[in-house]
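If you're matching them up, the sequences are chains H and S in order.
Be aware that the first sequence starts at 96, since it is given in the working numbering, and climbs by one per residue.
Be aware that the second sequence starts at 96, since it is given in the working numbering, and climbs by one per residue.
Worksheet: the structure to be examined is printed underneath.
2 protein chains.
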Amino acid sequence: MKKIIGAALLLATAALAINVAAAAGKTMADVLAASKPSDWRTLDPENTLYMELAGGRVVIELAPEFAPQHVANVRTLVRNKYFDGLTIVRSQDNFVVQWGDPADADHKKPLGEAKKRVPAEFDRDSAGLKFTALRDPDTFAPQTGFVSGFPAARDAEGTAWLVHCYSMLGAGRDNDVDSGPGTEMYVVSGHAPRQLDRNVALFGRVVYGMELLAVMPRGTAAMGFYDKPEQRVPIREMRVASDVPAEQRTKLEVLRTDTQTFTDLIEARRNRQDEWYKHKANRIDVCNVPLPVRTAAN
Amino acid sequence: MKKIIGAALLLATAALAINVAAAAGKTMADVLAASKPSDWRTLDPENTLYMELAGGRVVIELAPEFAPQHVANVRTLVRNKYFDGLTIVRSQDNFVVQWGDPADADHKKPLGEAKKRVPAEFDRDSAGLKFTALRDPDTFAPQTGFVSGFPAARDAEGTAWLVHCYSMLGAGRDNDVDSGPGTEMYVVSGHAPRQLDRNVALFGRVVYGMELLAVMPRGTAAMGFYDKPEQRVPIREMRVASDVPAEQRTKLEVLRTDTQTFTDLIEARRNRQDEWYKHKANRIDVCNVPLPVRTAAN
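Structure below.
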């Protein structure tokens, strides 16, 4: 038996009822139970990062389709062990958790051969992307949906971009658009701050261990930065999964978002079939669609 | 000087920049700096709850305009010291934190004169409500906005309801619509689960101390419930603020949502004026509008 993991999947059960009602129709659990092995994919180890914290491992899937230069630069930084011994520097309630080098400008860790500036990769041409569209209206974008497992949006002018849902990973920057080379990373830990869409390079998503970041104590300085060095949680190391011995990798499978199974899952979530729901939303927000993850069979 | 507090207000500063840019126009900080004393209101102590945890005090504002019977029943439960010594029972990542009586059905704490069943108060007649409307489209409701400091929605048929934004407080229930008398309370701790709108009585909002609940370790049983009794964080006590000596109350003021200042704040947030923003959203989601809280002058 494959063990279902990940916070997203826990949402499969009825929301706030203590006694979960028998399903009257097709629930997400039904959809997943009927899924085929080909509906799932393993993570490409070259596009997977592990961040090791005292509390455990955070697994990140990178998004080279949207931010190839950021992904390449972050891989270089990680392979240089740039993040090893750096810290979580910021946890702002209902917003983001961020990590990087807390030293002042004169004492920053050297970047080695990694670039200090990476061109803005805030959106891209939508041509060539397999876009699974939601039919529901969105406050911010003409159309939302999913590309290769990531929440995304597109417009009629041929532009597509990743969107700031919970657990999405971005490259913090200063005012210059090319000033976020991946040295400061943030993960969305609150309600989707969609005003950031197209303002930052989103380049990945936490697919496992998000709860380790989400519970970081909130920093009490402005914007949730930690006041004191001892408040900063250390990063033991970050690694590209392909550099980690195979037996030490976290074996995960994620549901493909270009499948009928995923489309069925969206429908099951648009109209909850649990008896608990009295008023069916008949709608869904791109950031409310679960992106199922499970441990892979050996 | 009044000290500005609360996670929402921290959002006033530029989002992910380390060097905050000089404002090019009217920012939220500008709007608040120009606010008049009459733009703010104190909390009615009869509609304010304090939850005392080891980590500090959580302050809740109740919403009798929307759920008068739930509010009355919860006040009775609190005055009976029903919650004192009970625990946080559930923390589900990106969803809710919930508290109540973890005992099985045969060993529940008696409710005293509080009611076991309270009629569904999932929505109400929109007539008579001061509704500050957003002009932005919403995925779930025909129109969203704010009523008396709470995020809300309404339709053309004359119905209004509170919506499930971060920090909103609801009465967990079983399948029967009247089975949530306030004995199990939950607070939204993740991306707005708007599918719950009109399915549960929302009856308040955490206005202070939300970060104490947000960082609760996630439970590892189904739906984020805690597996083991020792994982449950105890509630020292809950009190109605009017029952607490005046000098022990938390003196807070919240920005009135029926003011020009609040309308200006919404506009400042729809179009960020910080130099950091390159792509202005020109939109806002009801759950992204900050609801400012500050310590009151003595």
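From the three backbone atoms N, C-alpha and C, an ideal C-beta is built for every residue, glycine too.
Spell out whether any CB of chain H is found under 8 Å from the CB atom of residue i.
{"i": "S/A118", "result": "Low confidence applies to S/A118: its pLDDT is 34, below 50, so where it sits in the model is not reliable, and the reading given next is rough at best. Answer no: the Cβ-Cβ gap between S/A118 and chain H never drops below 8 Å."}
{"i": "S/P312", "result": "yes"}
{"i": "S/G285", "result": "yes"}
{"i": "S/N383", "result": "yes"}
{"i": "S/A336", "result": "no"}
{"i": "S/G180", "result": "no"}
Answer yes or no: does any C-beta atom of chain S fall closer than 8 Å to that of residue i?
{"i": "H/Y261", "result": "yes"}
{"i": "H/Q290", "result": "yes"}
{"i": "H/W371", "result": "yes"}
{"i": "H/A167", "result": "no"}
{"i": "H/H374", "result": "yes"}
{"i": "H/A392", "result": "no"}
I believe residue i touches residue j by the beta-carbon criterion, under 8 Å. Please report the beta-carbon distance rounded to the nearest angstrom.
{"i": "S/P246", "j": "S/L257", "result": "7 Å"}
{"i": "H/M146", "j": "H/M311", "result": "12 Å between Cβ atoms; not a contact."}
{"i": "S/Q164", "j": "S/G267", "result": "That belief does not hold up - the Cβ atoms of S/Q164 and S/G267 are roughly 16 Å apart, past 8 Å."}
{"i": "H/N366", "j": "H/N383", "result": "The pair is not a contact, with the Cβ atoms about 13 Å apart (cut-off 8 Å)."}
{"i": "H/V153", "j": "H/L307", "result": "6 Å"}
{"i": "H/V328", "j": "H/T182", "result": "6 Å"}
{"i": "H/E156", "j": "H/V302", "result": "5 Å"}
{"i": "S/T234", "j": "H/D271", "result": "With a Cβ gap of about 34 Å, S/T234 and H/D271 do not count as contacting."}
{"i": "H/A255", "j": "H/L297", "result": "No, H/A255 and H/L297 are not in contact; Cβ-Cβ is about 12 Å, not under 8 Å."}
{"i": "H/S262", "j": "H/R293", "result": "With 8 Å as the limit, H/S262 and H/R293 do not qualify as a contact, their Cβ atoms being about 19 Å apart."}
{"i": "S/D273", "j": "S/V339", "result": "About 31 Å; that fails the 8 Å criterion."}
{"i": "H/A309", "j": "H/S284", "result": "5 Å"}
{"i": "S/R364", "j": "S/I379", "result": "6 Å"}
Could you tell me which chain S residues have their CB closer than 7 Å to the CB of residue i, listed as they occur along the chain?
{"i": "H/M305", "result": "D188"}
{"i": "H/D380", "result": "T234 and R289"}
Cβ closer than 8 Å: which chain H residues qualify as neighbours of residue i?
{"i": "S/R367", "result": "Q290"}
{"i": "S/V272", "result": "K373"}
Residue i touches chain H at which residues, Cβ-Cβ below 9 Å?
{"i": "S/R293", "result": "K373, H374 and A376"}
{"i": "S/A309", "result": "D188, N189, S284, G285, A309, V310 and R313"}
Below 8 Å, can you find three or more Cβ-Cβ pairs linking the segment 313-324 of chain S to the segment 285-293 of chain S?
Cβ pair count under 8 Å is below three, so no.
Taking beta-carbon pairs under 7 Å, can you tell me which members of the segment 228-252 of chain H lie near chain S?
D231, P232, D233, T234 and F235
Short-range partners of chain S found in the segment 144-162 of chain H, where Cβ spacing is below 7 Å:
none
Answer yes if the segment 158-178 of chain S comes into contact with the segment 207-214 of chain S, meaning at least three C-beta pairs across the two stretches below 8 Å, and no otherwise.
yes
Taking contact to mean 3 or more Cβ pairs, one atom from each stretch, closer than 8 Å, check whether the segment 121-129 of chain H and the segment 360-374 of chain H are in contact.
yes
For the pair the segment 173-189 of chain S and the segment 296-314 of chain S, tell me if three or more CB-CB distances fall below 8 Å.
yes
Assess, as a yes-or-no matter, whether the segment 231-245 of chain H is touched by the segment 346-353 of chain H under the definition of 3 or more beta carbon pairs within less than 8 Å.
Verdict: yes, contact present.
Counting beta carbon pairs with one atom in the segment 218-227 of chain H and one in the segment 212-231 of chain S, are three or more of them shorter than 8 Å?
no
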